[in-house]
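Read top to bottom, the protein sequences are chains A and B. Following our numbering, the numbering of the first sequence begins with 2 at its first residue and continues without gaps. Following our numbering, the numbering of the second sequence begins with 455 at its first residue and continues without gaps. What follows is a set of notes on a single structure, which appears directly below.
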Amino acid sequence: MTSLTAAGPARRKRRLDLTVPLFLSPTLLLLLVFVAYPFLRAIWLSFTDTSLLGGTLGFVGLDNFRSLFADPSFPTYLRNSVAWTVGGVGLQLVFGVAGALILNQRFRLRGVVRGLAMIPWATPSVLVALIWMWLLDPNHGLVNAVLTRVGLMHSPVAWFGNPHSALATLVVVDAWQGIPFFAVMVLAALQAVPEELKESARTDGCGVLRVFRYITVPSILPTVLITLVLRLIWTANYIDLAYVLTGGGPGIASTTVPLQSYLTAYKEGALGSGAGYAVVQALVLAVLVAIYIRLTQRREA
Amino acid sequence: MTHSSWRRTGAIWAALAATAAVALAGCSGGTSAAASTPSPQNTDTTGQTLNYWLWVDNATDQTWQKLADEFNAESGHGKVQLQIVPAAQYLDKLQTALSSGNGPDAARMKDEWIGQFVKAGVLAPLSSRIDAWSGKSTVISSGWDAGKVPGSNEVYMMPHQNTALYMYYNKKLFSAAGLQAPQTQADVLADAPKLTGNGHYAFDVRGGAGGQDQWAAWMYAGGAQFVDSSGKVTLDSPTAEKINQSYLDLAKYAPPGSATATYAQVLSNFLSGTTAMMIHHVGSLAAVRKQFGQDVGVIPVPGTDPSKPSTLQTMSGNVIFTSSKKQELAWQWETWLLGDAQMLAMSTSPQGQLPVTTTVAQNAAFTKDEGYQVALKAAQTAQSWPQLPGTTNVVNATWSPTIQEAFSGQITSAQMLQTLAADLSK
C-alpha cells in the first residue's frame with residue numbers, strides 16, 4: 002500500500018514530463034524545418050563556393066568573408082544600412098509618437114481618421130513603391146510638378162536617380178509606410194495609462210507637460226522601446242522598397258547589406274557569397290534581438 | 455570473414471557498381487548526341503505532358519495559350535502545359551528550380567542567358583536533331599548562331615522570336631530644330647544640344663533595368679567588338695572606350711532620372727514628346743504609331759560609318775533540359791512553334807517580334823511598315839551579346855550599377871569597360 006502511494010506522484014511527474022514536449026513538438030518541428038534548417042544551411046553555404054546553377058563546388062573556409070570584407074564597396078553597404086535603418090526608424094519614432102498623441106485626443110470622426118491612418122501600413126510594399134515611383138517621377142510626377150509650379154524648385158529633381166538623394170528619399174518613403182504601425186502601438190499604450198494617475202498629478206498641481214513627462218512617458222516607455230527594437234530589426238532586413246525603386250542604385254548609393262546579399266545570391270547567382278552577407282547581417286542583428294528578448298522578458302517579469 | 459559475409463559484401467559492391475553505371479549512363483545521357491537524336495522507338499509521345507516554362511511580354515495577350523491549345527488539340531503527340539512566370543523573376547526562378555531538381559522539361563530562353571546554362575551542363579545539345587529536321591533551312595542563320603557559345607558549333611537553343619534594335623526619331627521635334635534624321639553617332643551628338651531645352655531632351659540613356667540592350671546596340675553600331683574571333687573579351691579596347699564615352703556624353707542631354715530609368719519611363723518620355731530619339735525595337739512600334747502616326751521616323755541605330763551598319767539583336771528561343779525525360783515531346787513542341795501559321799500568329803500578336811523564318815518574314819504583315827523593314831534589314835548585320843558564362847551576370851547584375859557610376863562621374867569610361875570586361879570573362 003505504501004509502495005503504491007509512493008509510486009503515484011512519481012508516475013504523475015513522468016506523465017507531466019512527457020506532456021510538455023508533446024505539446025511543444027509541433028512548434029519545435031516547424032521551427033526546426035522552417036527556421037533552424039534554413040539558418041544552419043545559410044551558415045554552411047557561406048563557407049562554400051556555391052552557385053545557383055552549378056551547385057556546391059567545394060568548401061572554401063573563410064574565403065567568402067575575406068572577399069566580402071576586402072570589397073571596397075562593403076563600407077558603403079554598411080553605411081547605407083545604418084543610414085537606412087536609423088533614419089527610417091528615427092522618423093517613424095518621432096512622427097509615430099506625435100501621431101499617437103494626436104489620435105489620442107477627442108475630435109470628430111476620430112474613428113475614421115484612426116482607420117485611414119493605417120492605410121500606408123496595410124498597403125503591400127510593392128504597391129507603395131509603385132505609388133511613390135509615380136509621385137516622384139522627375140518628368141511626369143505630381144511632386145515635381147507641384148514644387149516646380151509653386152516656385153520651390155527651378156527644375157525637376159530625379160529623387161531616386163541622384164546618388165545624393167536616392168537613399169534619403171527611400172528613408173522618407175519607408176517612414177511614410179511605417180509611421181502608422183508605430184502610432185498604433187503607442188496609441189494602445191497611451192490608452193492604457195491609468196486616468197486616475199493623471200488626475201492625481203493634476204490635483205497635485207502638475208501642468209500638461211509635467212503630467213506627460215512624469216506619468217505618460219514612463220507608462221508608454223516599455224511599449225515604445227519594444228516597438229523601436231522590433232522596427233529596427235524589421236527595417237534592417239527590409240529590401241522591397243529599395244529593390245523596386247532604385248535596385249540599390251544609382252551605382253551602389255542605396256545598396257544595403259541585405260540587398261547586396263539578395264543581389265549577389267540571385268542576380269549574380271553566387272549563393273555562397275550571398276550567404277556570407279546574410280551571416281554578417283545576422284550577427285549584427287543578433288545584438289538587437291538580444292536587446293528585444295531582454296526587454297520582453299523584463300516586461301513579462 | 456565468413457562465406458556469407460563475403461557474399462554479402464560482393465552483392466553490395468555489385469549493387470553499387472550497377473547503381474554507378476546507371477547514374478553515369480543517366481549523366482552522360484544528358485549530354486550525348488544519342489539523347490538528342492530522335493530514335494524510332496521514342497518518337498511516340500502520346501500520353502505525355504510537357505512542363506514548359508515561359509515569360510510573356512504582354513500579360514493580357516492570350517497568343518501563347520491559344521497556340522498551346524492548338525498543339526494539344528492535335529493528335530499524334532503529347533500535350534504541353536504552360537507555366538507562366540513573371541518576366542522580372544523568370545531567370546531567378548528557373549535557376550532555383552533547376553538547382554533543386556524541380557525544373558521544367560523545356561523553357562523559353564534568351565540568347566544572353568545561354569552561356570551559364572551551358573557551363574552548368576543543364577541544356578540538351580540540339581545540333582544533331584536540327585541537322586535531321588526538314589525545317590532547318592527556313593530559319594535565318596543568325597538564329598542558329600544565337601544558340602551557340604563562343605568556341606563551339608553546338609546549338610543549344612531553337613530560335614523563336616528576334617529583335618534587332620533600331621532608332622525612332624520624332625520628326626516634328628527634329629523639324630522644329632531645323633534638323634534632319636541623324637546618320638552617324640557624331641550627328642546624334644551634334645544634334646543633341648539643339649534638341650534639348652524648354653522641357654525637351656534629346657535622348658534617354660536608360661541606365662536602369664534593360665538599358666544594357668540599347669547601350670550594346672550603340673556600341674555595336676559604333677564598331678565596338680565585345681569578343682574577338684577566339685572568344686577573348688575585347689570590350690575594354692580603346693575603340694570601345696571611345697564609343698562608350700560618346701554614349702556617356704549623351705547623358706547631358708537626357709531627361710532627369712534617365713541614369714536610372716527603365717523601359718516604362720523611357721517609352722513614356724518618348725511618347726509624350728519629352729525626348730526626341732529612342733532606341734528600341736518593333737515591340738514598341740504599335741504604341742509609337744498609335745501616338746505619332748507617320749510623324750515618327752524609324753532609322754538604323756547611327757554608327758560610325760553608315761555603309762557598315764550594325765546593331766544588337768536579342769533572340770528568344772526554346773531550350774530542352776538534360777534532366778527531362780520528355781525531350782522528344784519538347785522537340786516536337788519547339789519545332790511546331792516554328793511552323794508558318796504559328797510563327798505568323800506569334801509575330802503579329804501584341805507581344806510579337808520579328809519572325810525567325812524566312813517564309814513568314816515575307817508576309818505582308820512585315821512589309822507594310824518601314825519599322826519592320828528597317829528591323830529586318832538591321833537583323834542581317836546585327837550581333838548578339840556574346841554567350842559567355844559571365845554574360846548573364848553583366849546583363850542581370852553589374853551593367854546597371856556600373857554605368858550609373860560612370861554617368862555620375864564616379865568612374866571613367868575606361869574603368870566602366872574594364873569592370874564589364876572582367877565580369878564577362880568570369
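Quick reminder that beta carbons are idealized off the backbone N, C-alpha and C, glycines included.
Span separating the alpha-carbon of M563/B from that of E528/B: Straight-line Cα distance between these residues: approximately 25 angstroms.
Could you compute how far the alpha carbon of I697/B sits from the alpha carbon of T714/B? Across the structure, I697/B and T714/B are spaced so that their CA atoms are roughly 20 angstroms apart.
Go through its chain and collect everything with a Cβ distance to L633/B's Cβ below 6 angstroms, but skip five positions before and after it. Non-local beta-carbon contacts of L633/B in its own chain, meaning distances under 6 angstroms to residues more than five positions away in sequence, involve D645 in chain order.
Of all Cβ atoms in chain B, is any one closer than 8 angstroms to the Cβ of H155/A? Using a CB distance cut-off of 8 angstroms, H155/A does not count as an interface residue toward chain B.
Is the region 183-190 of chain A close to the region 222-234 of chain A, with three or more CB pairs under 8 angstroms? With a cut-off of 8 angstroms, the region 222-234 of chain A and the region 183-190 of chain A count as touching, because enough Cβ pairs lie within range.
Residue nearest to G56/A in terms of C-alpha spacing, selected from V209/A, F213/A, V34/A and A271/A: Considering only V209/A, F213/A, V34/A and A271/A, the residue with the shortest C-alpha distance to G56/A is A271/A.
Run through DSSP, which three-state label would K822/B get? Correct three-state label for K822/B: coil.
What first and last residue would you give for the alpha helix (DSSP H) that runs through Y239/A? Here Y239/A belongs to no alpha helix (DSSP H), and DSSP marks it neither H nor E.
Residues bridged to S52/A [DSSP beta-bridge criterion]: S52/A is bridged to G56/A and A271/A.
Quick one: using the 10 Å Cβ neighbour count with 16 as the cut-off for buried, is E200/A buried or exposed? Here E200/A is exposed: its Cβ has fewer than 16 other Cβ atoms, across all protein chains shown, within 10 Å.
CA-to-CA distance, S838/B to L739/B, given in whole angstroms: Looking at the two C-alpha atoms, the distance is approximately 21 angstroms.
Buried or exposed by the 16-neighbour rule on C-beta atoms within 10 Å, applied to A875/B: The residue is buried, with at least 16 neighbouring Cβ atoms inside 10 Å.
Buried or exposed by the 16-neighbour rule on C-beta atoms within 10 Å, applied to L240/A: As written in the sequence, residue 240/A is Ile, which differs from the Leu given in the question. The residue is buried, with at least 16 neighbouring Cβ atoms inside 10 Å.
Closer than 8 angstroms between beta carbons: that is the criterion. Which residues of the region 698-727 of chain B meet it against chain A? Residues P709, P710, G711, S712, A713, T714, A715, Q719, S722, N723 and S726.
List the whole-angstrom C-beta distance separating A836/B from S596/B, where the pair is believed to meet the contact cut-off of C-beta under 8 angstroms. Cβ-Cβ separation between A836/B and S596/B: approximately 7 angstroms, consistent with a contact (criterion under 8 angstroms).
Nearest-angstrom Cα separation, counted from S700/B out to A640/B: Between the alpha carbons of A640/B and S700/B lies a gap of roughly 9 angstroms.
Does the distance from the C-beta atom of G532/B to that of T497/B stay below 8 angstroms? No, Cβ-Cβ distance for G532/B and T497/B is not below 8 angstroms.
For G605/B, collect the residues of the same chain with a Cβ closer than 7 angstroms to its Cβ; drop the 5 residues on either side in sequence, then sort them by chain order. Setting aside the 5 residues that flank it on each side, G605/B is surrounded in the same chain by G685, each with a C-beta closer than 7 angstroms to its C-beta; the list follows chain order.
Please confirm whether V750/B and S879/B have their CB atoms less than 8 angstroms apart. Taking 8 angstroms as the Cβ cut-off, V750/B and S879/B do not qualify as a contacting pair.
Can you tell me where the alpha helix (DSSP H) with R203/A in it begins and where it stops? Per DSSP, R203/A belongs to the alpha helix (DSSP H) from E196 to T204.
Own chain partners of A542/B with C-beta closer than 7 angstroms, once the 5 adjacent residues on each side are dropped: By the criterion of a C-beta distance shorter than 7 angstroms, A542/B is surrounded by no residue of its chain, once the five residues flanking it on both sides are discounted.
Can you pull the chain B neighbours of D138/A, defined as C-beta to C-beta under 9 angstroms? The answer, in chain order, is G711, Q719 and S722.
So, using beta-carbon positions, are L504/B and Q535/B closer together than 8 angstroms? Closer than 8 angstroms, so yes.
Pick out whichever of S712/B, S777/B and P613/B has its Cα sitting closest to the Cα of D138/A. It is S712/B.
Using a Cβ-Cβ cut-off of less than 7 angstroms, list which residues of the region 158-177 of chain A approach chain B; keep chain order. Residues passing the 7 angstroms Cβ filter: V158, A159, F161, G162 and P164.
Can you tell me whether S684/B is helix, strand or coil according to DSSP? In the structure shown, S684/B sits in coil (DSSP, three-state: anything other than H, G, I, E or B).
Alpha carbon to alpha carbon, what distance is there between K779/B and S490/B? Since pLDDT at S490/B reaches only 39, below the 50 mark, its modelled position is unreliable, and the value read off the structure follows with that caveat. Rounded to whole angstroms, S490/B and K779/B show a C-alpha spacing of 11 angstroms.
In chain order, each beta strand (DSSP E) run of at least 3 residues that lies wholly inside the region 557-601 of chain B: If we require 3 residues or more, the beta strand (DSSP E) runs fully inside the region 557-601 of chain B come out as 560-564.
First and last residue of the uninterrupted alpha helix (DSSP H) at A875/B: Its alpha helix (DSSP H) spans residues S867 to S879.
Assuming M731/B contacts A630/B (C-beta within less than 8 angstroms), just tell me the rounded distance between them. With a contact defined as Cβ atoms closer than 8 angstroms, M731/B and A630/B miss out at about 14 angstroms.
Would you report the Cα separation of P259/A and L242/A, rounded to the nearest angstrom? Inter-residue distance for P259/A and L242/A is about 12 angstroms (C-alpha atoms, whole angstroms).
Determine the direct distance from the alpha carbon of L689/B to that of Q872/B, and round the result to whole angstroms. Cα to Cα, the separation comes out at about 8 angstroms.
How about M611/B and N772/B: do their beta carbons lie closer than 8 angstroms? A distance below 8 angstroms separates the beta carbons of M611/B and N772/B.
So is Q858/B in contact with chain A if we call contact Cβ pairs under 8 angstroms? True, the Cβ-Cβ gap to chain A drops below 8 angstroms.
Cβ-Cβ distance between A37/A and Q93/A below 8 angstroms: No. Outside cutoff.
Please confirm whether P558/B and F746/B have their CB atoms less than 8 angstroms apart. Cβ distance not < 8 angstroms, so P558/B and F746/B don't count as in contact.
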